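**Q** Okay, here's the structure, questions in a sec.
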Amino acid sequence: MRSEQATEQRVVDVLGWGGVLAILVAYILASTGMIVATGAAFQILNALGALGLIVEARVKKDAQVVALNVIWLAIAAWTLARSIMN
Numbered sequence: 018m019r020s021e022q023a024t025e026q027r028v029v030d031v032l033g034w035g036g037v038l039a040i041l042v043a044y045i046l047a048s049t050g051m052i053v054a055t056g057a058a059f060q061i062l063n064a065l066g067a068l069g070l071i072v073e074a075r076v077k078k079d080a081q082v083v084a085l086n087v088i089w090l091a092i093a094a095w096t097l098a099r100s101i102m103n
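If you count the sequence shown from 1, you need to add 17 to reach the working numbering.
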């Protein structure tokens with residue numbers, strides 16, 4: 018049982034760090050002009066980052082981080098949907 022918990026914790030940690038990395042990459046790419054902040058790539062990276070952080074924060078029962086990233090995900094999804102519609 019302990020091995021399963023340790024494996025689950027590693028997966029959650031990887032998702033959390035993957036989320037952090039996705040958001041940072043989006044910010045770096047937009048800040049250096051490599052992608053547009055209103056473009057699909059930026060929004061997808063932000064959405065994936067938020068999802069990873071939501072999973073980690075839920076498991077660790079960190080309500081503030083969950084709330085922030087649910088809003089972050091909603092903004093990314095809304096902006097992505099707007100860009101697809103236009």
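Ideal Cβ positions, reconstructed from N, Cα and C, are used throughout, including at glycine. The structure presented is a predicted model; accordingly, all values stated were derived computationally and were not measured.
Could you check the C-alpha separation between A74 and D30 for me, to the nearest Å?
**A** Numbered from 1 along the sequence shown, position 57 holds the residue referred to as residue 74. Numbered from 1 along the sequence shown, position 13 holds the residue referred to as residue 30. If I take the Cα positions, the gap works out to 10 Å.
**Q** What is the rounded straight-line gap between the Cα of I61 and the Cα of A67?
**A** Here residue 61 refers to the residue found at position 44 of the sequence shown. Here residue 67 refers to the residue found at position 50 of the sequence shown. C-alpha of I61 to C-alpha of A67: approximately 10 Å in a straight line.
**Q** By a C-beta neighbour count over all protein chains shown, 10 Å radius and 16 as the cutoff for buried, is N103 buried or exposed?
**A** Locating residue 103 in the sequence shown gives position 86, where the first residue counts as 1. That one is exposed.
**Q** If you draw a straight line from the C-alpha of I88 to the C-alpha of V82, how long is it?
**A** Walking along the sequence shown from the start, residue 88 turns up at place 71. Walking along the sequence shown from the start, residue 82 turns up at place 65. In a straight line, the C-alpha of I88 is about 10 Å away from that of V82.
**Q** Decide if I40 is buried, meaning its Cβ has at least 16 other Cβ atoms within 10 Å, or exposed.
**A** Here residue 40 refers to the residue found at position 23 of the sequence shown. Buried: at least 16 other Cβ atoms inside 10 Å.
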